[in-house]
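Worksheet: the structure to be examined is printed underneath.
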Amino acid sequence: MPRNHRAVPTLVRAAACTTVATLALTACGSGAQGGSDSGSVKVGLITKTDTNPFFVKMKEGAEQAAKESGVELVSAAGKFDGDNAGQVTAIENMVNSGVKGILITPNDSKAIVPSLEKARAKGVLVIALDSPTEPQDATDALFATDNVKAGELIGAYAKAAMAGKKARIAMLDLAPGVAVGVQRHEGFLKGFGVPEGDPSVVCAQDTGGDQAKGQTAMENCLQKDPDINVVYTINEPAALGAHMALKAKGLEKKVLVVSVDGGCTGTKAVKEGKIAATSQQYPLKMASLGVKAVAGFAENGKKASGYTDTGVTLITDQAQTGVDAKDTAYGLENCWG
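This note's numbering puts the first residue of the sequence shown at 348, with every later residue one more than the last.
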């Protein structure tokens with residue numbers, strides 16, 4: 348991928364972040380009293396939410412990379428997972444503020460495209476993190492986990508762990524219109540070796556990646572089929588919600604729960620046996636690469652392009668033959684690095 352990671356000249360930096368718009372839009376960078384030097388290079392980061400630990404870690408990675416690269420980070424987030432309107436407003440605010448590049452985890456992979464196209468038409472470098480847009484080339488570049496592979500890993504693990512036992516699968520998905528959710532869902536089915544619509548999938552519910560909604564979804568699935576023995580979850584908050592619902596029914600030791608993200612909290616849940624396995628991804632790396640790509644673009648005009656795979660690792664303490672994995676000691680050492 349053509350990008351230059353050399354830092355732009357270091358800027359005098361304020362000690363605090365200053366709120367500059369109502370949509371959680373904050374600037375962390377140069378200038379006295381949190382103000383902004385007119386000569387500074389601004390990099391925008393727009394995450395799906397600012398509460399999910401995954402995106403909290405992503406922002407931390409972006410802040411560190413901005414400090415190292417001598418650029419100013421402007422950040423914003425949707426109010427909830429799926430808030431496309433909030434992200435559209437954030438893009439408009441950032442373009443008006445003069446950002447050189449925007450890093451975004453799109454809440455709606457299709458609906459966000461017109462706004463990104465407007466930003467690119469004004470010379471802004473646009474990079475998707477974690478979740479691709481539809482079409483993918485609506486952004487200049489993508490730094491992300493191979494989400495199909497992440498799903499495949501936990502699907503293959505679940506298949507091996509079932510050891511030939513007939514599966515009754517519940518799928519706790521994300522939401523319609525979000526590519527990352529579709530890709531993980533499809534990857535799991537591929538890894539497990541069943542097609543979409545297979546009768547072994549007895550329940551499918553959207554969770555928005557939220558723990559409370561994950562618990563409700565699992566409760567609904569158990570009402571539909573109390574013999575569920577495999578649970579796929581879009582992420583670890585949904586997995587922990589599912590665990591709570593299973594525990595309330597005394598089923599937490601009888602049902603295999605697998606997930607994606609590999610955050611520190613999620614990896615601890617694997618160690619504690621609440622989740623059997625998770626596919627670990629690396630949001631800090633995604634954000635760091637993105638910020639440095641924008642800094643390079645500001646310095647030499649070279650745009651990042653194409654797809655950079657930031658890696659995925661299956662984490663479990665109950666390894667299965669034929670499925671490559673690392674244990675939770677490795678997972679905790681590398682969680683979201």
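We put the beta carbon where it would ideally sit given N, CA and C, even for glycine. If you're wondering where the values come from, they're calculated on a predicted model, not measured in any experiment.
Name the DSSP beta bridge partners of residue i, please?
i, result
"M518", "A551 and Y579"
"C474", "First, the residue type needs correcting, since residue 474 is Ile and not Cys in the sequence shown. DSSP output for I474 lists L450 and A488 as bridge partner(s)."
"S462", "DSSP output for S462 lists no bridge partner at all."
"T657", "DSSP lists no partner for T657."
"V607", "S626"
"I662", "T625 and K673"
Following the continuous alpha helix (DSSP H) through residue i, name the residue where it begins and the one where it ends.
i, result
"F402", "P400 to S416"
"V527", "A526 to F539"
"T396", "Per DSSP, T396 belongs to no alpha helix (DSSP H) and is neither H nor E."
"E499", "N494 to M509"
"A564", "Q558 to K571"
"E680", "T675 to N681"
"Q434", "N431 to S444"
In terms of alpha-carbon separation, which member of the options lies closest to residue i?
i, options, result
"S626", "R467, D664 and L450", "D664"
"S606", "L519, Q667 and D574", "L519"
"Q411", "G448, D545, G648 and K632", "K632"
"A424", "P400, K447 and G445", "P400"
"V388", "K404, G445, G528 and K596", "G445"
"V418", "I516, N443 and G448", "G448"
"Q511", "S547, E533, M565 and K596", "The sequence given here has Gly at residue 511, not Gln. Per the Cα distances, S547."
"K465", "V525, N440 and N454", "N440"
"E499", "A468, D397, L420 and G538", "G538"
"I662", "G610, A634 and G637", "G610"
"A522", "L392, S456 and L472", "S456"
"Y629", "E407, A595, V390 and A514", "E407"
"A475", "Q558, K594 and K395", "K395"
"K506", "K496, N681 and L536", "L536"
"E646", "G669, S416 and H590", "S416"
"G556", "E481, G391, A503 and D608", "D608"
"K426", "L420, P453 and K414", "P453"
"L598", "P584, V473 and P573", "P573"
"L636", "N567, A413, D397 and T398", "A413"
"D656", "A497, N681 and A592", "A497"
"A508", "A666, L593, A585 and T675", "A666"
"D428", "A585, K571, K596 and T668", "A585"
"A514", "G528, G684 and I575", "I575"
"L420", "G391, K404 and Q530", "G391"
"C682", "Q530, A595 and M405", "M405"
"S422", "L679, S462, Q530 and A634", "A634"
"T398", "Q558, L569, P482 and G648", "Q558"
"V549", "K571, Q530, T563 and E481", "K571"
Identify the continuous beta strand (DSSP E) that holds residue i and give its terminal residues.
i, result
"L636", "Segment P630 to N647 is the alpha helix (DSSP H) holding L636; no beta strand (DSSP E) there."
"S626", "A624 to Q627"
Is any non-hydrogen atom of the ligand NAP found closer than 8 angstroms to the C-beta of residue i, if you look at the structure I gave you?
i, result
"D553", "This structure lacks the ligand NAP, and indeed carries no ligand of any kind."
Under 8 angstroms by Cβ, that's how I've got residue i and residue j pegged, so tell me the actual separation to the nearest angstrom.
i, j, result
"A409", "L450", "7 angstroms"
"I622", "V604", "5 angstroms"
"E561", "G588", "A small fix is needed here, since residue 561 is Gly in this sequence, not Glu. G561 to G588, Cβ: 3 angstroms. Contact."
"S478", "A526", "6 angstroms"
"I393", "A437", "5 angstroms"
"I501", "A624", "6 angstroms"
"V471", "V495", "In fact, because the Cβ distance is near 29 angstroms, the residues do not count as touching under 8 angstroms."
"V659", "D493", "6 angstroms"
Decide if the segment 630–645 is in contact with the segment 424–437; the criterion is three or more beta carbon pairs, one per stretch, under 8 angstroms apart. no
Does the segment 480–492 come within contact of the segment 642–660, defined as at least 3 CB pairs closer than 8 angstroms? yes
Is the segment 612–621 close to the segment 536–543, with three or more CB pairs under 8 angstroms? no
So does the segment 578–587 actually touch the segment 513–530, counting three or more Cβ pairs closer than 8 angstroms? yes
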